[in-house]
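The structure appears below as structure tokens.
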Amino acid sequence: MKPMKKVLWVLLLAAVAAAGGLYWAGTRDDASTGPAAAADAATLVERGRYLALAGNCMACHTSRGGKALAGGTPIPTPFGTVYGPNITPDEQTGIGAWTADDFWQALHNGKSRDGTLLYPAFPYTEYTRITRADSDALYAYLRSVPPVSQPSRPPELDFPYDRRALLAAWRALYFKPGVQDDDAGQSVQWNRGRYLVEGLGHCAACHTPRNGMGALRSDQSLAGGVIPVLDWYAPPLTNDMQTGLGRWSAEDIAALLKTGISRHSSASGPMAEVVLGSTQHLSDGDALAIGVYLKSLPAGPAAADPPKAAVSPAAMELGGKLYRQQCAQCHQPAGEGSGAAWPALAGNPTVTAPSPVNAIRMVLDGGYAPATAANPRPHGMPPFGQSLNDGDVAMLVSYIRNSWGNEAGGVTPLEVKRARAASTRN
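Start counting the sequence shown at 1; every next residue gets the next number (UniProt numbering).
Have a look at this one:
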């Protein structure tokens, strides 16, 4: 072969090989079906599984007693009830016909496959910050779960909120899509924590107060507030010393997320469900990253607090007597708690929150911290709702909210009565 022809032949072979068209029989795996590709696909699915846990997808997309991710979970709102849709890969009733682009559009833009605007009970206002790579991993995982043929239940909203066309105006006022870029002036750990808190973990959905149209108050981000309809108070995640995380370390926050308990408090109500179904599965690094980010937040601005009700000396005296009779054995005479088993009441944000509803409901109904892998047999608190009347509970909670340095204001029997009704309703 002449030198010039030989050079041209080599260049031709190189071009064909670069285009993926050169196959030597019996010596090369197909890039799309070989072992390396299968390993990559499995890794992507596993990453998506972890992200689905971190985002707590099961909570809204798996009904009690139902099949995983097949939808049907009622999500109560002040405007009516919406239901988590089927997100299994069923072709007819799930997202089996969706492409990765369709799934990204739902997370990033709040639009269904056909362009229908989604109700913001699906927290796309936070999910828009999720990266395309993580969206694709979530999509790959959801494609791997067993398909379930179960039609999604339509929302049951009051008029005029059942008119989906009105969402266009709501979105124009309260939604701006956009992936969250890293802050170059902060550490990798801090940026990871912010991504999990503000995006995938959608913490603001509960811990930020909402306006009359159901939109998050951007001027009071993570400042705490009562969760609509559920009537539990989500405490501030800012660093306020009295009602927020000011006395906590990043490690304390990580411990609560992973185990459901910390030296300052334990998870209860909706947060216990979040720990059980989601945050206990976080890696140690991700849990600590959330703590690092939250500890960087300033103490304010705080949500508008109700005026603190005064507590009479007589009520404090009677409340103290009830505390010594019913509570001191576990929580100790000075409210200092006893290790991780019984949390301290002094400085406990559940106790000192602007709203007393969580403390009232714990006294009425008792309960357990979530049973996590790190704390499989948590200690419980017995209910006192049947043995104490509304006045007794009011004096007891007033006492713990105003002792040992706590300065949270008093509680009235009417507030206890309302909490009893909410407990029965939910």
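Ideal Cβ placement from N, Cα and C applies to all residues, glycine included. As the structure is a prediction and not an experimental result, all values here were calculated from the model.
I think residue i touches residue j, with their Cβ atoms under 8 Å apart; what is that distance to the nearest whole Å?
i	j	result
Leu-260	Pro-378	For the sequence presented, residue 260 should be read as Gly rather than Leu. Their Cβ separation, rounded to whole angstroms, is 7 Å, which keeps Gly-260 and Pro-378 in contact under 8 Å.
Pro-270	Leu-230	6 Å
Thr-62	Glu-156	That belief does not hold up - the Cβ atoms of Thr-62 and Glu-156 are roughly 19 Å apart, past 8 Å.
Phe-103	Ser-149	About 20 Å separates the two Cβ atoms, so there is no contact after all.
Pro-349	Pro-235	4 Å
Thr-243	Leu-222	Thr-243 to Leu-222, Cβ: 12 Å. No contact.
Leu-364	Val-393	7 Å
Ser-403	Val-311	Contact doesn't hold; Cβ gap of about 10 Å is too wide.
Tyr-293	Trp-190	6 Å
Pro-299	Asp-240	For the record, residue 299 in the displayed sequence is Ala; it is not Pro. With a Cβ gap of about 5 Å, Ala-299 and Asp-240 count as contacting.
Pro-147	Asp-182	Between Asp-182 and Pro-147 the Cβ distance is about 36 Å, and since that is not below 8 Å, they are no contact.
Val-197	Cys-206	Wrong, their Cβ atoms sit about 12 Å apart, outside the cutoff.
Val-357	Trp-232	7 Å
Ser-423	Val-226	Wrong, their Cβ atoms sit about 14 Å apart, outside the cutoff.
Gln-180	Tyr-195	6 Å
Applying the criterion that 16 or more other CB atoms from any shown protein chain within 10 Å of the CB defines a buried residue, is residue i buried or exposed?
i	result
Ser-218	exposed
Lys-395	Note that residue 395 corresponds to Met in the displayed sequence, not to Lys. With 16 or more other Cβ atoms within 10 Å, it is buried.
Phe-159	exposed
Leu-118	buried
Gly-34	exposed
Thr-88	buried
Gly-71	buried
Gly-391	exposed
Lys-308	exposed
Arg-401	buried
Ser-265	buried
Asp-114	exposed
Glu-407	exposed
Thr-279	buried
Ser-387	exposed
Ala-137	buried
Gly-224	buried
Arg-28	Its pLDDT being 34, under 50, Arg-28 is placed unreliably in this model, and the value from its coordinates should be taken loosely. Per the 10 Å Cβ criterion, exposed.
Suppose contacts are defined by Cβ-Cβ distances below 8 Å. Is residue i in contact with residue j by that definition?
i	j	result
Gly-409	Pro-383	no
Phe-175	Thr-125	yes
Thr-128	Gly-178	yes
Thr-73	Cys-57	no
Leu-322	Gly-335	no
Gly-48	Ile-130	no
Ala-267	Leu-256	yes
Val-275	Thr-352	no
Leu-69	Val-145	yes
Gly-291	Ala-254	yes
Gly-385	Arg-420	yes
Pro-154	Thr-93	no
Lys-258	Ala-374	yes
Leu-245	Ala-140	no
Gly-347	Arg-247	yes
Ala-289	Gly-193	yes
Gly-285	Pro-78	no
Ala-121	Ser-112	no
His-331	Gly-339	no
State the DSSP-derived secondary structure class of residue i, mapped to helix, strand or coil.
i	result
Ile-75	strand
Met-381	strand
Arg-210	strand
Tyr-161	coil
Ala-267	coil
Lys-111	strand
Leu-117	strand
Glu-407	coil
Gly-34	coil
Ala-302	Per-residue confidence for Ala-302 stands at a pLDDT of 49, beneath the threshold of 50, marking its modelled position as unreliable; the derived number appears in the next sentence. Correct three-state label for Ala-302: coil.
Thr-412	coil
Ser-423	helix
Val-311	coil
Phe-175	coil
Phe-103	helix
Would you verify that the beta carbon of residue i is, or is not, closer than 8 Å to some beta carbon of chain C?
i	result
Leu-364	Of the chains in the structure shown, none is chain C; there is only one protein chain.
Confirm the yes/no value for this check: CB of residue i, any heavy atom of the ligand MG, distance under 7 Å.
i	result
Leu-345	As for the ligand MG, it is missing from this structure, which has no ligand bound.
Whole runs of the alpha helix (DSSP H) within the region 51-100, excluding any shorter than 4 residues: Within the region 51-100, the complete alpha helix (DSSP H) runs of at least 4 residues fall at 57-61.
Please go through the region 324-404 and give each complete alpha helix (DSSP H) segment of 4 or more residues, from N-terminal end onward. As far as the region 324-404 is concerned, its whole alpha helix (DSSP H) runs of at least 4 residues are 328-331, 349-352, 357-365 and 390-400.
Restricting to runs no shorter than 4 residues, where is the alpha helix (DSSP H) found entirely within the UniProt domain "Cytochrome c" (180-298)? Whole alpha helix (DSSP H) segments, 4+ residues: 188-195, 204-207, 250-259, 269-277 and 284-295.
Contiguous alpha helix (DSSP H) assignments of at least 4 residues, all confined to the region 127-171: Fully enclosed alpha helix (DSSP H) runs of 4 or longer: 132-144.
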